[in-house]
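Here is the structure we will look at.
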């Protein structure tokens, strides 16, 4: 091979090849590395850090509870935290008021064991977990604690009720409308607590992004004002719709009463209509109306009308 | 209208509680479910109000999306430069107009390439845009890596106040820009043609080099051929060896060969052989073209891309554009490249090969062929071993072994009469070239 080189002047290199074997190929790094290392184990620091999602994470499309780090809360976040904590207090009291121990799984279990007090204690512990977990989660901005709080406060209401509205505290009047109003109040506070506590996380993320210069916000006051307005309007709307649904046993007889008083009276006294199945019927009727509104694209039409009139 | 995870969770919870409530005949559960569903419905109703529309400069958006009014939000972008060097900055100005009669709260994200860094401002803005108003977003991006890039599209999103539902549109507004490899100032690359080629109008450039006219005397430095030694001057200087320097008297043809095979991208994204090679090639091109040399370029990867020799500033931009677009792929052997180009270049022209010298059994043959035809070969080899070792992807033993093999290969090439430099990551190009000259 060396003979191929034409030696000439400064590039006369033939002496380098005399009596030597000249290899004509580059060394293969991979081969050398594999052959000469004492172990074929891949060094730990050579493996990039990749988070492989678990089955649960894959199912939900991401971590169920993300762990974000936030900067100290700003005024908006602090006010949301206060609002969330306040709604949680009211919710805990309402939960305690409207959820009797009878009919729950732990009531049955404690009776079977002959420990009647244990069920009441467990019931209170569940509410306490919901309250303490929620307050902790809201102020520490810890989503795991919030999730535990949601679960505890929903779990405590799961009981076999036999279609009748039954409250733990007797201070509530026997009036059906008042009872249903309190039920709706409870449900609205539960939803508001869930919304406010998730709002704490959402606005903390936004605030952190703003302060880290990842996002720029123009007209922040108008944006927060819109959220505050929605916080006032949405529960009122949701509560009204729910009230219509729950009072369907009064609404339907009232409508039928226009045409036939006897049928209206029969409907009013109907056990099915006053039971949970009456509520189910009400739900179907109300949501059929809502679906029809979406079917005729009412939101867009309202929008177009507002555009024209603006 | 798209659902968020939160709305999906709310809806699932509502349905579950509703069904459970019916089974257990529990009005509390049913009431919670109904309130949740009502809450969701209201949010959906409101988010359908929140229309987003867009029009791009390139493609007009189709008006097929239900619930979305077209041409109410318009975006226009302006960038400060379409051609920039690595580590440069581009100022982006995005103008957003709300042509609707209603005020809107929108999120705007101008998509920038992943490798770019936002230096000033933000490309993600949450804003309230009044009716018939327009606003301007400005931000500056840093361009750390060469290549062809595109800014865009502009993503505009409107969501309800609770973040349950959102409408999203992409405004097809794109701006392309080119990032050239950055250049180092090379004061003296010391690579000259052995066979001067006179172009019409070539000027006497009065630089030391391989010419015929005497230029000056200087002290001997290792590597100078003995035929250059001026013995009379040596005798007069009291023992110091003096050599003659000659004036470069013509324009050289310089060929740069860039190894852009897949293996050349071994190492971190910003510190690998190809990045270093392209930067070196850009610096060398600028240097030689400023000396009125004629520079040609060959980039080989899965194909061989060449730029014919030429002079002038226009040629510099042609070369820089090719270097910016060099992609690491394929495994074409160097021998194939040299066989293809050798008939087309003047004998004796300097050839600079920028390659990690890896995974190619034909390197020695190729360099031998070039040397046999009296080409002045310089091999500048960015060491991917160093890149990998620095990135802790190679252990000490493996590194030492591979380094030894690499040194042996380089010695072989030097033995063929090529100037070879093992270019370590922290070494300046000037130093690397001076080192190559030392052999």
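Residue numbers (the numbering used here), protein chains in the order written: chain G, 1 to 310; chain Y, 311 to 749. Note that CB positions come from ideal geometry on N, CA and C, so glycine has one too.
The continuous stretches of beta strand (DSSP E) do not include residue 261 of chain G, which lies in the alpha helix (DSSP H) extending over residues 261-269. The CB of residue 341 of chain Y comes closer than 9 Å to the CB of 180, 183, 184, 186, 187, 242, 245, 246 and 279 in chain G, given here in chain order. Around residue 537 of chain Y, the same chain offers no residue with a beta carbon nearer than 6 Å, after the five sequence neighbours per side are excluded.
For residue 637 of chain Y, the three-state secondary structure derived from DSSP is coil.
Note on geometry: alpha-carbon atoms of residue 403 of chain Y and residue 653 of chain Y lie some 50 Å from one another. In the DSSP secondary-structure assignment, residue 476 of chain Y is bridged to Y/312 and Y/469.
If you look at residue 437 of chain Y, you'll find it isn't in any alpha helix (DSSP H); it sits in the beta strand (DSSP E) that goes 434-439.
Taking a Cβ-Cβ threshold of 7 Å, the residues of chain G close to residue 316 of chain Y are 198, in chain order. If you check the CB distance, residue 555 of chain Y and residue 739 of chain Y do not come in under 8 Å. Contact note: residue 689 of chain Y does not reach chain G at a C-beta cutoff of 7 Å; the least C-beta distance is about 12 Å. Put simply, the stretch 605-623 of chain Y does not touch the stretch 420-434 of chain Y. Fewer than three CB pairs are less than 8 Å apart. Only those residues of the stretch 467-486 of chain Y whose C-beta falls short of 7 Å from the nearest C-beta of chain G are listed: 471, 472 and 473.
For residue 415 of chain Y, a Cβ of chain G is located within less than 8 Å of the residue's own Cβ. Contact between the stretch 302-310 of chain G and the stretch 409-419 of chain Y is present: three or more C-beta pairs spanning the two stretches fall below 8 Å. The three-state reading of DSSP puts residue 134 of chain G in helix, counting H, G and I together.
Closest by C-alpha distance to residue 82 of chain G, out of G/197, G/218, G/208 and G/284, is G/197. Per DSSP, residue 398 of chain Y lies in no alpha helix (DSSP H) segment; the continuous beta strand (DSSP E) that holds it begins and ends at 398-408. Identification of chain Y residues near residue 223 of chain G by a Cβ-Cβ cut-off of 7 Å yields 415, 436 and 438, ordered along the chain. Taking every protein chain shown into account, the CB of residue 634 of chain Y has 16 or more other CB atoms within 10 angstroms, so this residue is buried. DSSP, read as helix, strand or coil, puts residue 731 of chain Y in strand. DSSP, read as helix, strand or coil, puts residue 525 of chain Y in strand. Between the beta-carbon of residue 278 of chain G and that of residue 345 of chain Y there is about 17 Å, and that puts the pair past the 8 Å contact cut. Taking 8 Å as the Cβ-Cβ cut-off, the stretch 134-163 of chain G approaches chain Y at 154, 157, 158, 159, 160, 161, 162 and 163, given in chain order. Under DSSP, the beta-bridge partners assigned to residue 567 of chain Y are Y/608 and Y/663. Residue 130 of chain G has a beta carbon lying at 8 Å or more from every beta carbon in chain Y.
With respect to chain Y, the C-beta atom of residue 104 of chain G has no partner C-beta closer than 8 Å.
Residue nearest to residue 647 of chain Y within the set Y/677, Y/621, Y/382 and Y/426 is Y/677 (criterion: CA-CA distance). Per DSSP, residue 244 of chain G is one residue of the alpha helix (DSSP H) stretching across 220-246. Under the three-state reduction of DSSP output, residue 53 of chain G falls in the coil class, being neither helix nor strand.
The C-alpha of residue 347 of chain Y lies about 7 Å from the C-alpha of residue 321 of chain Y. Here DSSP, grouped into helix, strand and coil, assigns residue 615 of chain Y to strand.
By the rule that beta-carbons nearer than 8 Å mark a contact, residue 290 of chain G touches chain Y. Less than 8 Å separates the beta-carbon of residue 583 of chain Y from that of residue 694 of chain Y.
For residue 299 of chain G, there is no enclosing beta strand (DSSP E); the residue is found in the alpha helix (DSSP H) stretching over 298-309. Under the 10 Å beta carbon count, residue 107 of chain G is surrounded by 16 or more other beta carbons and is classified as buried. In this structure residue 341 of chain Y is buried. Its beta-carbon is surrounded by 16 or more other beta-carbon atoms within 10 angstroms.
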